[in-house]
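What follows is one structure encoded as structure tokens, with my remarks underneath.
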DNA sequence: ACCTGAACACCGTTCAAGT
DNA sequence: ACCTGAACACCGTTCAAGT
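In structure tokens:
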């Protein structure tokens, strides 16, 4: 009379799982960098074949989005200020901080400017805060987009720098190219040449973000 | 007594040339898109072999930079306003307009945030205008960088959209994903869902740029 | 149901040889 | 000097077959 356990399995028991695949992918990402993460390399890491992976993820893009998803959901979710301008800035900052640890995802995200669901609360907060700042919903989306472009750009260039570091910097450095410029036609660039690398390597994301938010708010807000 | 012509050629006469290679590359770019431009495809276009190309360009990156170079130098160079804020904005706008026609270059440019020499006058003008706005050279470079990130981000996402269009849009659209959100936890996103695509497809680069410039100037400028 | 092997249709680039 | 062919060391993905 005892019924057969309803969750009876059929077929071969799985050797791989999404979790195992994601864990292996994270290992490669951490130890060898995003450029080394290929379906073939990942299969090797799991002592499996490339094709076995396609039983657990639809394609490589889905794999990358799953990685972002797990990274974003593990990220500590900070208290946001109640005051709208501060909330907008703080939310945008979290967005940046989450993605700064996986800039390789921007290439995937760029295809359609949207996100992992576990990061959607950030977008919601940004738009809501912008509306509370006195903007229309349409303007709020526009503010969100400008900030997203800024963030995506910073990440793209961050990724480029990382790649460059990985390729061991054998190419002539930009400082030299700048120093070689004719100071008659490029006075500013020529005089800045020696300090260029230092200037462009400093992290100024946050100040830029604040300035952008304030610029947008003053441009759009009805002058009360 | 007549000396032998000093430019006497030795060896085999060239069948390929940089110009021919660049022209063919531009043809592929225009007709089939940036994704189709590979060294092998380019060789085929020229009825040659992939390896013949390496006699005229160092590698694929150099080829892409040469393409940018020729594109940028052909671009009409507009009069810039004398007034510094306007000049800063106008220069940044040209930068954007030049690159908007070849967003695929951003991946290459991103490796080190610098340019084709025939676009350097823009950077020079941006930094010079920022200094004339009352900023220090260091602040001016920082302003340039924020604008460059914004521009690079817009281009990256533009490229993504183009790629998406090329892959024939067979994936479920974001509007659906947004509409499926719980309006209790994502009230803003849920209510915007139906208009999302339209809102995110409109070109708002210029307004964003102006707002960013003004935001940066008010944040940095000594309150006179 | 889950996994394997071989194959397809590509990449960028190096190297040794040909004219 | 300029070009070719074959090869190296990869990609993501599909398809037919195995257990």
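Residue numbers (the numbering used here), protein chains in the order written: chain W, 3 to 226; chain V, 3 to 226.
For every residue, glycine included, the Cβ atom is placed at its ideal position computed from N, Cα and C.
A quick note: this is a predicted structure, and the numbers were derived from the prediction, not measured.
Handout entry: Residue ranges of each beta strand (DSSP E) within the region 122-159 of chain W, 3 or longer
Key = none
Exercise for the section: Would you check if there are 3 or more beta carbon pairs closer than 8 angstroms linking the region 178-188 of chain W to the region 193-202 of chain V? Expected result: no
Practice task
My understanding is that residue 18(V) touches residue 73(V), with C-beta atoms under 8 angstroms, so please give their C-beta distance in whole angstroms.
Solution key: Against the second chain, residue 18(V) aligns to sequence position 16. Against the second chain, residue 73(V) aligns to sequence position 71. The Cβ separation is near 21 angstroms, so there is no contact.
Handout entry: Three-pair Cβ contact test at 8 angstroms for the region 205-215 of chain V versus the region 144-155 of chain W
Key = yes
Practice task
Kindly list, in the order they appear in chain V, the residues whose Cβ is closer than 8 angstroms to that of residue 148(W).
Solution key: For the purposes of this step, residue 148(W) is identified with residue 146 of the first chain, where counting begins at 1. Those are 152, 206, 210, 213, 214, listed as they occur along chain V.
Handout entry: Local Cβ density within 10 Å of residue 158(W), reported as buried at 16 or more and exposed below that
Key = The residue labelled residue 158(W) in the question sits at position 156 within the first chain. Counting Cβ neighbours within 10 Å, residue 158(W) comes out buried, since at least 16 surround it.
Practice task
Kindly say whether residue 108(W), judged by its beta-carbon, lies nearer than 9 angstroms to any beta-carbon of chain V.
Solution key: As a position in the first chain, residue 108(W) is number 106, starting the count at 1. It does; some Cβ of chain V falls within 9 angstroms.
Exercise for the section: Report yes or no: is there a C-beta of chain W within less than 9 angstroms of the C-beta of residue 161(V)? Expected result: On the second chain, position 159 is the one that residue 161(V) refers to. True, the Cβ-Cβ gap to chain W drops below 9 angstroms.
Exercise for the section: Select from the region 70-97 of chain V all residues with a C-beta closer than 9 angstroms to any C-beta belonging to chain W, and list them in chain order. Expected result: none
Handout entry: Buried or exposed (CB count within 10 angstroms, at least 16 for buried), residue 178(W)
Key = For this step, residue 178(W) is matched to residue 176 along the first chain. Flag for residue 178(W) reads exposed.
Problem - 4-residue-minimum alpha helix (DSSP H) runs that sit fully inside the region 55-108 of chain V, ordered along the chain - result: 62-76, 86-102
Handout entry: Rounded C-alpha distance that separates residue 83(V) from residue 215(V)
Key = Here residue 83(V) is taken as the residue at index 81 of the second chain, counted from 1. Here residue 215(V) is taken as the residue at index 213 of the second chain, counted from 1. Their Cα atoms are separated by approximately 15 angstroms.
Practice task
State the DSSP-derived secondary structure class of residue 25(V), mapped to helix, strand or coil.
Solution key: On the second chain, position 23 is the one that residue 25(V) refers to. Helix.
Problem - Min CB distance residue 142(W) to chain V below 9 angstroms - result: By one-based count along the first chain, residue 142(W) stands at place 140. Residue 142(W) counts as touching chain V.
Exercise for the section: Can you grab the Cα-Cα spacing for the pair residue 113(V) / residue 220(V), in whole Å? Expected result: Position 111 of the second chain, counted from the first residue, corresponds to residue 113(V). Position 218 of the second chain, counted from the first residue, corresponds to residue 220(V). One C-alpha to the other measures close to 31 angstroms.
Exercise for the section: Tell me whether the beta-carbon of residue 124(V) lies closer than 9 angstroms to the beta-carbon of residue 107(V). Expected result: As a first step, residue 124(V) is located in the second chain; it is residue number 122 there, counting from the start. As a first step, residue 107(V) is located in the second chain; it is residue number 105 there, counting from the start. No; because the gap between Cβ atoms is not below 9 angstroms, this pair is not in contact.
Exercise for the section: Would you kindly check if the distance between the Cβ of residue 23(W) and the Cβ of residue 44(W) is under 9 angstroms? Expected result: The count along the first chain starts at 1 and reaches residue 44(W) at position 42. The count along the first chain starts at 1 and reaches residue 23(W) at position 21. Cβ atoms of residue 44(W) and residue 23(W): closer than 9 angstroms.
Handout entry: Straight-line Cα distance separating residue 54(W) from residue 79(W)
Key = Within the first chain, numbered from 1, the residue matching residue 79(W) stands at position 77. Within the first chain, numbered from 1, the residue matching residue 54(W) stands at position 52. Straight-line Cα distance between these residues: approximately 35 angstroms.
Practice task
Look at the Cβ atom of residue 210(V), then the Cβ atom of residue 152(V), and state whether they are nearer than 9 angstroms.
Solution key: Position 208 of the second chain holds residue 210(V). Position 150 of the second chain holds residue 152(V). Yes, they are a contact pair.
Practice task
With a cut-off of 8 angstroms on the beta carbons, I'd call residue 90(V) and residue 223(V) a contact; round off their distance for me.
Solution key: By 1-based counting over the second chain, the position of residue 90(V) is 88. By 1-based counting over the second chain, the position of residue 223(V) is 221. 12 angstroms between Cβ atoms; not a contact.
Problem - Nearest candidate by alpha-carbon position, reference residue 2(W), set 154(W), 168(W), 92(W) - result: Absent from the structure is residue 2(W), since the part of chain W shown begins at 3 and ends at 226.
Practice task
Can you tell me which of 67(W), 140(W), 81(W) puts its alpha carbon nearest to the alpha carbon of residue 193(V)?
Solution key: By one-based count along the second chain, residue 193(V) stands at place 191. Considering only alpha carbons, the answer is 140(W).
Exercise for the section: Using beta-carbon positions only, say whether residue 71(V) and residue 118(V) come within less than 9 angstroms of one another. Expected result: As a first step, residue 71(V) is located in the second chain; it is residue number 69 there, counting from the start. As a first step, residue 118(V) is located in the second chain; it is residue number 116 there, counting from the start. In contact: residue 71(V) and residue 118(V) (Cβ atoms closer than 9 angstroms).
Handout entry: residue 164(W) (DSSP reduced to helix, strand or coil)
Key = Indexing the first chain from 1 puts residue 164(W) at position 162. Residue state, collapsed to three classes: helix.
Exercise for the section: Consult DSSP for residue 210(V) and reduce its assignment to one of helix, strand or coil. Expected result: Sequence index remark: in the second chain, residue 210(V) carries index 208 (1-based). Note: residue 210(V) maps to helix in three-state DSSP.
Exercise for the section: Kindly say whether residue 47(W), judged by its beta-carbon, lies nearer than 9 angstroms to any beta-carbon of chain V. Expected result: Locating residue 47(W) in the first chain gives position 45, where the first residue counts as 1. Judged by the 9 angstroms Cβ criterion, residue 47(W) is not in contact with chain V.
Exercise for the section: Compare the C-beta of residue 68(W) against all C-beta atoms of chain V and say whether one is closer than 9 angstroms. Expected result: The residue labelled residue 68(W) in the question sits at position 66 within the first chain. Taking Cβ atoms only, chain V never reaches closer than 9 angstroms to residue 68(W), which makes this a no.
Problem - Listed by chain order, chain V residues near residue 113(W) by CB distance under 7 angstroms - result: As a position in the first chain, residue 113(W) is number 111, starting the count at 1. 162, 165, 166, listed in chain order.
Exercise for the section: Would you decide whether residue 15(V) is buried or exposed? Buried here means 16 or more other CB atoms lie within 10 Å of its CB. Expected result: As a working note, residue 15(V) is residue 13 in the second chain. Exposed, by the Cβ-count rule.
Exercise for the section: Indicate whether at least one CB of chain V lies closer than 9 angstroms to the CB of residue 191(W). Expected result: Taking the first chain and counting its residues from 1, one reaches residue 191(W) at position 189. Yes, because at least one Cβ of chain V sits closer than 9 angstroms to the Cβ of residue 191(W).
Practice task
Mind checking the region 119-136 of chain V against chain W and listing, in chain order, the residues whose C-beta falls within less than 8 angstroms of any C-beta there?
Solution key: 122, 123, 125, 126, 129, 130, 133
Handout entry: CB contact below 9 angstroms: residue 59(V) versus chain W
Key = Mapped onto the second chain, residue 59(V) falls at position 57. So no, residue 59(V) is outside the interface.
Exercise for the section: Return the CA-CA distance between residue 195(W) and residue 217(V), expressed in angstroms with no decimal places. Expected result: Within the first chain, residue 195(W) is the residue found at index 193, counting from 1. Within the second chain, residue 217(V) is the residue found at index 215, counting from 1. Straight-line Cα distance between these residues: approximately 26 angstroms.
Exercise for the section: Return yes when the Cβ of residue 31(V) is within less than 9 angstroms of the Cβ of residue 69(V), no when it is not. Expected result: Locating residue 69(V) in the second chain gives position 67, counting from the first residue. Locating residue 31(V) in the second chain gives position 29, counting from the first residue. It is a contact, given that the beta carbons lie within the stated cut-off.
Exercise for the section: Classify residue 3(W) as helix, strand or coil using the three-state DSSP reduction. Expected result: Taking the first chain and counting its residues from 1, the one referred to as residue 3(W) is at position 1. Because the pLDDT of residue 3(W) is 36, which lies under 50, any placement of that residue in the model is unreliable, and the number read from its coordinates should be weighed accordingly. Here residue 3(W) sits in coil by DSSP.
Exercise for the section: Go ahead and pull the three-state DSSP assignment for residue 35(V). Expected result: Translated into positions along the second chain, residue 35(V) becomes position 33. In the structure shown, residue 35(V) sits in coil (DSSP, three-state: anything other than H, G, I, E or B).
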